[in-house]
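Counting with mature numbering (1 follows the signal peptide of the UniProt record, and there is no 0), you get residues -27 to -1, 1 to 460 for the letters of the sequence shown.
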Amino acid sequence: MSERARVTRRTLIGGATAAAAVGAAAAAPSAGASQRHGGGGWGGPTPPRGNEYVLRDGFVLSMDPAIGDLPRGDVHVRNGQIVAVGERLRAHGAVSIDARDKIVMPGLVDTHWHLWNASMRAFMVNGVADRAYFNVTNILGPHFTPIDTYRSTRLGLLEGVASGITTVHDWSHNVRGPEYADASLRGLLDAGVRGRFSYGWAQRGPLDVPMDVDGIRRTKDRWFSRASTTRGLLHLGIASRNVVPGQSPRGSITIELARQDWTSARELGLPITLHASPRGLVTMLEQERLLGPDLLLVHPTLTTEAENAIVVERGTGWSISSVGEAARGPEEQIRYAELVAAGAKLGLSIDASAGDGANLFTAMRMLHTMTTNRLGAVPGITYRRVLELATVEGANTLGLGDVVGSLTPGKRADVITINRLDPNMAPPGDPATQIVGLGQPRNVDTVMVDGKILLWRGLHVGVDVERVVRDAGQSATEISSRAGWPT
Ligand SMILES: [Zn+2]
């Protein structure tokens, strides 16, 4: 019997305590207070402990062009940093992790994910308009409390970490007050992931007033005045409301108000993100002189060749959510190959795990398949290229290109391993083909963020999985009860 099957998933956590703390509006940031690792006493997996590891004899897919692939290589990690990548490394005193028959690679990078509503999948019914993602989140969003946001975030990240995701962009468009930002940030910290939290707005909130600059400033001061508060893992941004009327059921603001919001964000030194699928939006933003390298647009499905050139010129990035975008109909097609040809800054994203799951393996495969379906085989658009999008390019798109995204000495140790001998992967051949063409989250063996092991032998470390799932379910029930919906 495998360890995966033997071990019960009841391990302890500090999630309950953290959730209770978040329930009170003024959850104080105390870095890592509730994160416990090595759940040996609670039935969880027991990973090796230490501050220094060497992953030995794996197929190292470094994603660093200078290092390339090492069919039998080692990765040496010390105090959360990659110190060496090579063959037969000397790493005296480091805890050795056997990576034979595994791919060793950088953790996957998400660039746009609405973690606050992961638990809302409880209400979604395919084929019923009333129960589609937008309607459900629009109706129930106003009934969230901070603890609901925390619980949903934890649920989403449990799925994400088990899928090999180590960096996320929490695109938080139901921040009903700064205590909701506290809840999200606490959830991100307790999960142990790296990433950006983008402070958005409140679902069904007023669209004729500026964004909550005071709340954003408070969040910045409280959580980001010292890097140690978030263990250096997180940074802050803002999520802009839509700017094109009729763009989405979430409504829109005027371009003048957007300019005011974005100016405030830029004065605070915060990056900006915007859902940007409407036709002509890039042209409009260019005319308004709002584009820049601090802007990350989402959903490049209707951009023109001229617009692709403009975003490259302005250094603006794009996030591609291929699973959700695939369902947009024949007219809206992801301009992936065109944006690659233009040299755009690109990342891959989960978007709405409530309806689409938190699975970047599927997202990679779907993006490749859709591109081929639309354009035929495009030179350079390969599984390997798509894998770059989900790692090194995604990190670059979030401004973390010097920090993570590849196994490069000096970068932080966000490393995952993938079992090459699982039945859906074996016999092992080209690793990029294994990952993009065949891979599933269940093939992820180990996940390390900043040198800390979060997943070991496919099991969460120091997390009471059942409890996180149960809490998210309870939240969903309470929210619907408060809303009196669905009836
Ligand atoms: Zn989105």
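Glycine is no exception: its CB is placed at the ideal position from the N, C-alpha and C atoms.
Just so we're clear, the structure is a prediction, and the values are computed from it rather than from any experiment.
ask   = Start and end of the beta strand (DSSP E) containing threonine 381?
value = Premise fails: threonine 381 is in no beta strand (DSSP E) and is neither H nor E.
message = At a threshold of 7 Å, does tryptophan 89 count as lining ligand 1 (C-beta to nearest heavy atom)?
response = Tryptophan 89: no, Cβ never under 7 Å from ligand 1.
Cβ-Cβ separation, glycine 31 to lysine 75 (assumed contact under 8 Å), whole Å = Indeed they touch by this definition, with Cβ atoms about 5 Å apart.
inquiry  = For alanine 368, which residues in the same chain have their Cβ closer than 6 Å to its Cβ, ignoring the five residues on either side in sequence?
reply    = The answer, listed in chain order, is Val82, Gly374, Val377, Gly378.
inquiry  = Within the continuous beta strand (DSSP E) that includes tryptophan 291, where are the two ends?
reply    = Where tryptophan 291 is concerned, the enclosing beta strand (DSSP E) stretches over 290 to 293.
key: histidine 85 Cβ short of 7 Å to ligand 1 heavy atom set   = At least one heavy atom of ligand 1 falls within 7 Å of the beta-carbon of histidine 85.
task = Starting from valine 365, follow the alpha helix (DSSP H) in both directions and report where the run begins and ends.
result = Looking at the DSSP string, valine 365 is not in any alpha helix (DSSP H), and its letter there is neither H nor E.
request  = Evaluate the contact criterion for the region 338 to 345 versus the region 384 to 395: three or more CB pairs, one atom per stretch, below 8 Å.
outcome  = Three or more beta-carbon pairs separated by less than 8 Å are not found between the region 338 to 345 and the region 384 to 395, which leaves the two stretches without contact.
ask   = So does tryptophan 144 have its beta carbon nearer than 7 Å to some heavy atom of ligand 1?
value = Because some heavy atom of ligand 1 lies under 7 Å away, the Cβ of tryptophan 144 counts as near it: yes.
query = What number of angstroms, rounded off, separates the C-alpha of aspartate 403 from the C-alpha of glycine 46?
reply = When rounded, the distance between both Cα atoms is 16 Å.
ask   = Cα-Cα, which of Gly242, His248, Arg29 is closest to leucine 269?
value = Leucine 269 has its Cα closest to that of His248, out of Gly242, His248, Arg29.
ask   = Taking the alpha-carbon positions, what's the leucine 230 to threonine 289 distance?
value = Going from the Cα of leucine 230 to the Cα of threonine 289 covers about 20 Å.
Candidates Ala327, Met398, Ala315, Gln306: closest to leucine 348 by CA position = Comparing Cα positions, the closest option is Gln306.
message = Just verifying my parser: in three-state terms, what is the DSSP assignment at threonine 450?
response = Correct three-state label for threonine 450: helix.
task = Please report the residue range of the alpha helix (DSSP H) in which asparagine 281 lies.
result = Unbroken alpha helix (DSSP H) run through asparagine 281: 278 to 287.
query = Helix, strand or coil for histidine 87 per DSSP?
reply = If DSSP states are grouped into helix, strand and coil, histidine 87 belongs with coil.
message = Here's a check: name, in chain order, each residue in its chain whose Cβ is nearer than 7 Å to the Cβ of arginine 124, leaving out the five neighbours to either side.
response = Hits under 7 Å: Ala(-9), Ser92, Asp444, Ala445, Ser448.
message = Taking a contact to mean a Cβ-Cβ separation below 8 Å, would you say threonine 140 touches arginine 104 in this structure?
response = Between threonine 140 and arginine 104, the C-beta spacing is not below 8 Å.
task = Decide if valine 284 is buried, meaning its Cβ has at least 16 other Cβ atoms within 10 Å, or exposed.
result = Note on valine 284: 16 or more other CB atoms within 10 angstroms of its CB, so buried under the neighbour-count rule.
inquiry  = Can you tell me whether valine 271 sits near ligand 1, meaning its C-beta is under 7 Å from at least one heavy atom of the ligand?
reply    = True, at least one ligand heavy atom lies under 7 Å from that Cβ.
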